[in-house]
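Asker: Below is the structure I would like to discuss, written out as structure tokens.
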Amino acid sequence: MTVDPFQILLGVSESSDPLVLLDLWAEHSGPVDIYIALYRQLVRLHEHEQGDSKDAEIVRRRLYSAARLINSSHQHRQDRDGNSETGLRHELFRKFLKTSEFADPIALLGLPTSPVTPASIDLALDDRLKMLEAHPESGSVEAEQLRQTLRAAAALLKDLRYQKAILSIRKLAEPVDTQHEGQTPTKTSIPLQTADLLTIPPGVTPSQERLASLTRHQQSPVSRVATGPAPQSLGSSATLTPFDRQVLAVMVGYGGWNAESRSRLVALAGRYQVSPDGLVRVVKGLCDHARSHRSQIAVSDIAAGMPAMIPDPNRPLMRTISLSAASRVRPSSPLTEEQVTKAGFWNTTTISLLFAAITLFFGLVAMAILAPDIFFSNRLQTMSTPDGDLPVLDQINSGERDPSSMDRLALNSRLARFARRPTFIGNGLPKEGADAADQCLTLPEAFNLIERKLNVADDPSEAVFRDWEYHINLIATGWVLADASTRSAVEKSLLKVLYAASDRPSLCDRLLHALTPLSGKIPEPIDIWRGTWKTRMLARIAELDNMAPVVVEQAGRQLEATVKTFGLKTQNKPVDTARDWLDTLVNQFVQGLEYEPRAYDFWELWFSAQRELGRDERYDESLLSAIEVILLTKVDLARPGPSVNVLGRLLEMSDFQQSSFVRARTLGFFNSTAIDSRDLWVLTSLLATDRKVSWFTEELVLPDGTDMLFRSRVRDRIHQRWPDIPESLFDTQQGQGNFLRFNEAEVRWWVGLFDRLRERNPVSSDQGRLRRLLAASRLNEAFALLRQGKEKDAAPVMKLVDQELQASWDDREASIASPPIIKPGQPIGPDGNWTTRYRSIKRDTNQKLDLLSELASTAGTDLGPEDAELLTREAYRGVPQEVRTRAGSILVHRFSRGPTVVMQMINQFPEAPRNQAISDMISKLTGSLLPESNADSWKAQARMALVEHALRLHHSGESGLDRIAEDLVDSLNARADAMQSAFGSSRQPTTPTEAVEILVLKWREKARSLIVSVPVSDDLPGLHRRRLARLELVEGPIQRFVAEQISLGDLVAYVTVAESPELRREVLDILRGSMRRRTRLSHVLEQAYEIELAIAALHRLKVRSTRARDERGKR
Amino acid sequence: MNRHASVLAVGLALICGESISLSARETQSNQFVPETDRWTARLESLHPDNPMGYFELGEEVADLAQNEREHELARRLFSLAGLLDTPRLGRSACLALANIETEIHIKRRLLAMASLLSGTGGGSGAGSGLLSREDEGGFSESTALSVTAAFSYYRRGLGSRALSQLRKPGAEEMLMSLGHLLRGGSARFLEDCKLYNGRVKPTLTDFHLVKMLTIERAILSGPDRSWASELLLSQGRPLIEIESDRLDQVLGVDPSRCIYRGGRWIQP
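Sequences listed follow chains B and A, in order. Residue 506 in our numbering sits at position 506 of the first sequence, with consecutive numbering throughout. Just add 10000 to the spot in the second sequence (first one is 1) and you have our numbering.
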């Protein structure tokens, strides 16, 4: 059985795909990746114990072939964006560097073979880069490929393992192209020729086989000069190249090594584009050859096939040549053997001795005269290199570097480079948007017409609703492109329509339904604009003071359904609610980036909608959140593509100069273990190459593959360099800067509020307790804002607390703003008459329908108990269906505000059939969105909708308690928002429990970032265990809230002591005292208040500690 | 002569009967011993050097306890065992106490302490079965629908149908837990259901009607009900808190008094 040498040497089959042969793991591998992969495999082959075998040579050649094959396939590939991926183009390498595209790194960099040091590598690289820069096409994509290849070659050589291997194998590095005599040496000939002329490196003795192969190589059509103690004499003209011959001819013709011969040699080297080093190597090789062979170099060896030397008429002939000999040198005739021989003096021995002498001399002179002194720069800009092999990364990750090496590390940081800067432009001017914007001017009049129609007709026609929906769609489609005054006029007229419909709840409901944004996946880019406008409009209507309460309430319910669907904040400004809606789309867009053909259009319209909502901190937040979502994907951002293009654009749009939010979020990325270092490398590289972010230099680029410790150090450095903006007053990094610097007046105010809050008398009502809890939370909210330097935001919060403290907690029940009231309906006429007549009809459907219609026209807006019972029964279970439908319609349109009718709906609900018609009826009656009638939760939700509707009709809608609870949610959310954290949630909490859970998570994240020697009151795992045990005892959402609050208190204590260890004893006293008091409390809201007070006490402690420290500092 | 013999015989009989009676009472009084007396010897042999002895005796007492005093004795024995050797017996003591505890809040507290002492934090379950999300104050949706349906039938005067709904699993228990919110309590409600049986409907004021609707809203909301609904149902019941290093507080026993002498627990 034949053994596959590929399997033995590389572990792959001979028939493997080129990618497999080169161990390239993706077809996306770029040209430089191919180069690196080739040499990686060559080194691997070389290091194999059979690396010298014939089979190894075959494998080696296949590797080159594979590299060329993959490389050439790149040259014909275009990516999705229309960019061409160029391969390493042979003719360009020859053009710029006079080498092959797969020349070994030493040849590529034009390095002498010894010594190869990091300094010489850098020098050579710099030399090559400058050569490239000087070329007219230096700005081309191909030139960039060359640069990358050069850097990759330098990186390979800096690895000692690779360097040694390459030095050993470079003679066998590449098959040499056919070189025709008389032609200018080709791409491979000259450097490789000179390489071949080298003797074996010191200490390395080639095997006989290798020597033989060298000899075989040299007996190819391209002549070579044997090196070392070659077993065969060469003695044939085929062994010398034309250049070799000319060098010899110059030496002979000018009588050896002298000024003239030197100048001719230099000129000759320039003509053949041989570098000074190459010339040195040729001369040296000839010397070695002559010395080692001790055989005659025939004149024909020197002269064959080469043009005769043409003496410089301005220069005298070499003195060592007799005049007679010199006179016989004629132009265009080659030197003949006779001529050289007749010179007599120039026999082989003499030449050997001469060359031996000048070898030493030339070695000393060459560097001084021929090698320029090139300035070495440390600012290397290299491409990404093979993972994990480079000493720099090893040192970074081993943590052995001392802090002072940060500068060196910064200097050695590597930029992720792209052929063109990642960004994009989508279609930001969609035609339908433009058309709609043009028509917006007509909308005020159109809405006015609808308003008039509604005022006239109780039951408007379907055409009115169609017009309404059409015009809503117009403004929603074109608002971004319409001017502000037009938008304002349209919205004003739209609101008038709603007001006109306010006395008909079902009508309002239908009109408002047109404002519901799409749920689920956004099908078209323009739907982004539509959804944004609709969400904002709904939110705006829901908070209007001068709109009919029923409209406000129904808008609120619809908004609530939207909030639930998309997980938005409630009780937020309309603009913020709209922005929240936009933010929920980001995940969908990011997921579709790599395959959605209109991805850029979606993003472009998203940007424009965000801009139209205003450029404030929320705008910054949206951009940074989108950046974070991209960073969290698994897409390799170092690879050109849509993901990095969007990232680039987002970075361009973000304010890296003045926005403290952008700074906080960006720095937060470094703390997040979910974000890969590679992605941060790309992000920082993009910032470093962005002219607008001039302060972000290359030193701040985070290298790929770094660990968290290094990331935190780079983060700190970036933080230091960030331009001055209102600084965060609270720096929790590793115990540095834990001081609080306050506006003294604000802090005094805060402390005063704290003292007053503590001294309040207990309360007796649930509302009073909840209000007191809210005041305590607001006090802590104010502290969080003060800590961030946001005195202006803290002041109104403290004012609210102040107002609450003015009066007794229990005296406020009447002053709580009442919910919008639905005016309940009223019956007209005696109860039961209609029922009697209806029952007498028995089964006559037409008469039933007539009676039902009569009821609709004669009754009030409610019915008596008997009539209500019958109507409801007919609506639920009437026979036939027409009767059911008519009854249901009348019930919804006429009696939706009738308390008696609604109670009948509730009372007869257990027997009601379960179908979509009933569900729709209940939905319309109550204004609630219900799930499908076959859903498990339908029954409970439908009944709940009826119950809530009935409670509203009895003026008992949302209770004051729930309104205060909503304010508590806002306060807790504000406290969470005030914390600088990488933890971000796309879904804003809507209950106090959810809100406090988020706050706990943020404090836990903060606690984790600190190093603590003696934790209070337990270490983090211990605190977590206590939390879990506590949650086991929870009954109900309020107890759960309290359980989480206790965890929050524990974490605040932990962080306080971590930052100020001297406060340990006092913090423990606060915690223990609070627990003792809580165990004696008999109401859960009292417990909640006690915990908030304890947290405030911890903050108070911190203030006192800071003041004491300041005092000591002053003294 | 015969008369005298008769009188003497009767007198003797009386005396004998009295004697018998007396001796019988004596026997009975000897049998009627104080509840702990049968454990006295064992109790007096207990020593804090052998905490397991307390635990084992506690198990025996708990198995054979016939009255509240013996139950209390068992509790004390378990508590002392747990306090004298918390690392080894603390958790077991809490579990044993939870097992014999009838008050659900105390039971929860003991189970939570057991989980803290286990070092695994929460989630051990400790076989409680009580520490489920539903029992976190949330009623199952189907039970809530049954109770609200009962309310509907009640309002319509269809008492028997209301009672039929309340016979569904968990419904009557739920109604009992809501008793403090219903007019006259849950017992009155059940009685009314028997009375209002198709011919007469109950007359409800707006206040009571709204109250019933508020209860319906609360129980239909499930565990994530609003705070207003939660306060209505729970009446602000506080969260039970425990500290793992304060087992003595949870158990409520002074571990220093661990020697039983003369019918009392004293210090060694």
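In this text, a Cβ means the ideal position worked out from N, Cα and C, and glycines have one as well.
What's the call for histidine 949(B), buried or exposed, on a 16-neighbour Cβ count within 10 Å?
Answerer: Stepping through the first sequence from its first residue, residue 949(B) is reached at position 949. The residue in question, histidine 949(B), is buried, as its Cβ has 16 or more Cβ neighbours within 10 Å.
Asker: Please determine if the segment 542 to 550 of chain B and the segment 512 to 524 of chain B are in contact, where contact requires at least 3 C-beta pairs separated by less than 8 Å.
Answerer: Result no; under three Cβ-Cβ pairs closer than 8 Å.
Asker: Pull up the distance between the alpha-carbon of glutamate 759(B) and that of glutamine 916(B), whole angstroms please.
Answerer: Here residue 759(B) refers to the residue found at position 759 of the first sequence. Here residue 916(B) refers to the residue found at position 916 of the first sequence. So the two alpha carbons sit approximately 57 Å from each other.
Asker: Would the segment 446 to 455 of chain B count as touching the segment 492 to 511 of chain B if we require 3 or more Cβ pairs under 8 Å?
Answerer: yes
Asker: So, at 6 Å on beta carbons, what are the nonlocal neighbours of glycine 927(B) in its own chain, with the 5 sequence-adjacent residues on each side left out?
Answerer: Within the first sequence, residue 927(B) is the residue found at index 927, counting from 1. Asp509, Gln554 and Arg557, listed in sequence order.
Asker: Tell me which residues share the same chain as tyrosine 10154(A) and place their Cβ nearer than 8 Å to its Cβ, disregarding the 5 neighbours each side in the sequence.
Answerer: Residue mapping note: residue 10154(A) aligns to position 154 of the second sequence, counting from 1. The answer, listed in chain order, is Ala10162, Phe10189, Asp10192, Cys10193, Tyr10196 and Pro10202.
Asker: Pick out whichever of Asp10085(A), Ile10100(A) and Leu10043(A) has its Cα sitting closest to the Cα of glutamate 10000(A).
Answerer: Absent from the model: residue 10000(A). The displayed extent of chain A is 10001 to 10268, so no value can be given.
Asker: Evaluate contact between the segment 1017 to 1026 of chain B and the segment 952 to 970 of chain B, counting only Cβ atoms and requiring at least three cross-stretch pairs below 8 Å.
Answerer: Touching, no, given that fewer than three Cβ pairs across the two stretches are closer than 8 Å.
Asker: Can you tell me whether tryptophan 479(B) is helix, strand or coil according to DSSP?
Answerer: Locating residue 479(B) in the first sequence gives position 479, counting from the first residue. It is coil, neither helix nor strand.
Asker: At a CB-CB cut-off below 7 Å, which residues of chain A make contact with asparagine 907(B)?
Answerer: Within the first sequence, residue 907(B) is the residue found at index 907, counting from 1. Contact annotation for asparagine 907(B) against chain A: Ser10152, Arg10155 and Arg10156 [CB-CB distance below 7 Å, chain order].
Asker: Within the continuous beta strand (DSSP E) that includes tryptophan 10265(A), where are the two ends?
Answerer: Here residue 10265(A) is taken as the residue at index 265 of the second sequence, counted from 1. That run of the beta strand (DSSP E) goes 10264 to 10266.
Asker: Measure the alpha-carbon distance for leucine 10(B) versus leucine 10117(A) and round it to whole angstroms.
Answerer: Start at 1 with the first residue of the first sequence, and residue 10(B) comes out as number 10. Start at 1 with the first residue of the second sequence, and residue 10117(A) comes out as number 117. When rounded, the distance between both Cα atoms is 58 Å.
Asker: Could you tell me which of Ala165(B), Gln826(B), Val701(B) and Val751(B) sits nearest to isoleucine 718(B), measuring between CA atoms?
Answerer: For this step, residue 718(B) is matched to residue 718 along the first sequence. Residue Val701(B) is the option with its Cα nearest to isoleucine 718(B).
Asker: Using the Cβ count rule (16 or more neighbours within 10 Å means buried), how would you classify threonine 684(B)?
Answerer: Along the first sequence, one-based indexing puts residue 684(B) at 684. By the 10 Å Cβ count, threonine 684(B) comes out buried.
Asker: If we cut at 9 Å on Cβ distances, does leucine 800(B) have a partner in chain A?
Answerer: The count along the first sequence starts at 1 and reaches residue 800(B) at position 800. No, because no Cβ of chain A sits closer than 9 Å to the Cβ of leucine 800(B).
Asker: Should glycine 10236(A) be labelled buried (16 or more other beta-carbon atoms within 10 Å of its own) or exposed?
Answerer: Residue mapping note: residue 10236(A) aligns to position 236 of the second sequence, counting from 1. Label assigned to glycine 10236(A): buried.
Asker: Considering just the uninterrupted stretch of the beta strand (DSSP E) at tyrosine 595(B), what are its terminal residues?
Answerer: For this step, residue 595(B) is matched to residue 595 along the first sequence. First-last for tyrosine 595(B): undefined, no H or E at that position.
Asker: Between the Cα of leucine 784(B) and the Cα atoms of Lys1102(B), Ala476(B) and Asp1050(B), which residue gives the shortest distance?
Answerer: The residue you call residue 784(B) lines up with position 784 of the first sequence. Sequence inspection shows alanine at residue 784(B); the leucine mentioned does not correspond to that position. Cα-wise, what sits closest to alanine 784(B) is Lys1102(B).
Asker: May I ask which residues mark the beginning and end of the alpha helix (DSSP H) holding arginine 1008(B)?
Answerer: To locate residue 1008(B), count along the first sequence from 1; it is residue 1008. 992 to 1008 is the span of the alpha helix (DSSP H), which, as asked, contains arginine 1008(B).
Asker: Report buried or exposed for proline 10169(A), applying the criterion of at least 16 other Cβ atoms within 10 angstroms of its Cβ.
Answerer: As a first step, residue 10169(A) is located in the second sequence; it is residue number 169 there, counting from the start. Exposed: under 16 other Cβ atoms inside 10 Å.
Asker: Indicate whether the contact test is met: 3 or more Cβ pairs, each with one atom in the segment 574 to 590 of chain B and one in the segment 531 to 541 of chain B, closer than 8 Å.
Answerer: yes
Asker: Chain A partners of isoleucine 998(B), CB-CB under 8 Å?
Answerer: Position 998 of the first sequence, counting from 1, holds the residue named residue 998(B). None at all; the shortest Cβ gap to chain A is about 16 Å.
Asker: Around the C-beta of serine 937(B), are 16 or more other C-beta atoms found within 10 angstroms, so that it is buried, or is it exposed?
Answerer: Here the question's residue 937(B) lines up with position 937 in the first sequence. Label assigned to serine 937(B): exposed.
Asker: If you drop the 5 nearest sequence neighbours on each side, which residues of the same chain put their C-beta closer than 6 Å to that of threonine 336(B)?
Answerer: Counting from 1 along the first sequence, the entry for residue 336(B) is found at position 336. Residue placement at threonine 336(B) is flagged as unreliable, the pLDDT there being 45, under the threshold of 50; a coordinate-derived value is accordingly withheld.
Asker: In chain order, what residues of the same chain have a beta carbon less than 6 Å from the beta carbon of leucine 650(B), not counting five sequence neighbours either side?
Answerer: Position 650 of the first sequence, counted from the start, is the residue given in the question as residue 650(B). Only Leu623, Ala626 and Ile627 meet the Cβ criterion.
Asker: Taking all protein chains shown into account, do 16 or more other C-beta atoms lie within 10 angstroms of the C-beta of glycine 768(B), making it buried, or fewer, making it exposed?
Answerer: As a working mapping, residue 768(B) is identified with position 768 in the first sequence. Flag for glycine 768(B) reads buried.
Asker: Compute the Euclidean distance between the alpha carbons of arginine 421(B) and proline 118(B), then round it to the nearest angstrom.
Answerer: For the purposes of this step, residue 421(B) is identified with residue 421 of the first sequence, where counting begins at 1. For the purposes of this step, residue 118(B) is identified with residue 118 of the first sequence, where counting begins at 1. Distance between the alpha carbons of arginine 421(B) and proline 118(B): 31 Å.
Asker: Does asparagine 10197(A) come out as helix, strand or coil in the three-state DSSP assignment?
Answerer: Within the second sequence, the letter at position 197 stands for residue 10197(A). Reduced to three states, the DSSP call for asparagine 10197(A) is strand.
Asker: Could you tell me whether the segment 1088 to 1101 of chain B touches the segment 746 to 766 of chain B, where touching means 3 or more Cβ pairs closer than 8 Å?
Answerer: yes
Asker: In chain order, what residues of the same chain have a beta carbon less than 6 Å from the beta carbon of alanine 269(B), not counting five sequence neighbours either side?
Answerer: In the first sequence, counting from the first residue as 1, residue 269(B) sits at position 269. Closer than 6 Å at the Cβ level, and outside the excluded window around alanine 269(B), lie Leu279.
Asker: Determine the extent of the alpha helix (DSSP H) in which histidine 8(B) is found, giving its start and end residues.
Answerer: Here the question's residue 8(B) lines up with position 8 in the first sequence. The sequence given here places isoleucine at residue 8(B); histidine does not occur at that position. That run of the alpha helix (DSSP H) goes 5 to 9.
Asker: Determine the chain A residues that contact glycine 864(B) at a beta-carbon separation under 8 Å, and present them in chain order.
Answerer: The count along the first sequence starts at 1 and reaches residue 864(B) at position 864. In chain order: nothing, as chain A lies at least about 14 Å away.
Asker: With DSSP run on the structure shown, which of helix, strand or coil describes glutamate 14(B)?
Answerer: Along the first sequence, read from residue 1 onward, the residue named residue 14(B) stands at position 14. In the displayed model, glutamate 14(B) falls within coil according to three-state DSSP, outside both helix and strand.
Asker: Please classify aspartate 435(B) as buried or exposed, where buried requires at least 16 neighbouring CB atoms within 10 angstroms.
Answerer: The count along the first sequence starts at 1 and reaches residue 435(B) at position 435. By the 10 Å Cβ count, aspartate 435(B) comes out exposed.
Asker: In chain B, which residues lie with their C-beta within 8 Å of the C-beta of tryptophan 10227(A)?
Answerer: Taking the first residue of the second sequence as position 1, residue 10227(A) is located at position 227. What tryptophan 10227(A) touches in chain B: Leu770, Leu961, Asp962, Ala965, Pro992, Pro1037 and Ile1038.
Asker: Tell me, please, which residues DSSP counts as bridged to leucine 9986(A).
Answerer: Summary: the structure shown does not reach residue 9986(A), with chain A confined to residues 10001 through 10268, and so no result is reported for it.
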